[in-house]
Structures are given as C-alpha cells and as structure tokens.
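For reference, the structure is listed below as structure tokens.
Numbering (this note's numbering), first residue to last: 678 to 734.
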C-alpha cells in the first residue's frame with residue numbers, strides 16, 4: 678500500500694490517472710474493510726455462538 682501511495686503522489690494533479698488511482702485505492706480499502714468484517718463476524722459465529730459446519734466424521 679505504501680508503494681502505491683508513493684506512486685499515486687507522483688501522478689500530476691488533475692489527470693485521469695490521478696482520479697482512477699484514487700478510485701482504485703478507495704475500493705481497495707473498502708474491500709479490505711469488508712474482508713476484515715467478514716473474518717470478525719465468522720470468528721464471532723464460531724467462537725462465541727458455537728455455530729459451525731456439520732459434524733460428519
């Protein structure tokens with residue numbers, strides 16, 4: 678992420694590349710947040726509430 682930010686800062690202001698890069702970064706952060714929320718909720722279901730898959734042995 679740090680390298681992407683450095684690259685993005687080097688793009689001239691007011692260009693299409695700058696706006697596309699900003700949109701790309703925003704969506705990446707959103708997907709990362711959704712992934713983290715999904716992992717947290719999955720952990721809650723399994724650890725706290727005891728919800729799991731089938732007990733096939």
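The beta-carbon is built from N, C-alpha and C at its ideal position, and this holds for glycine as well.
Member of the options whose CA lies at the smallest distance from the CA of residue i
| i | options | result |
| --- | --- | --- |
| residue 682 | 693, 701 and 726 | 701 |
| residue 679 | 693, 692, 706 and 691 | 706 |
Chain-order list of residues whose beta-carbon lies under 8 Å from that of residue i (same chain, five-residue window excluded)
| i | result |
| --- | --- |
| residue 711 | none |
Residue span of the alpha helix (DSSP H) that contains residue i, given as start and end
| i | result |
| --- | --- |
| residue 684 | 679-687 |
| residue 700 | 693-720 |
Neighbourhood of residue i by C-beta distance below 7 Å, restricted to the same chain and skipping five residues each side
| i | result |
| --- | --- |
| residue 698 | 685 and 688 |
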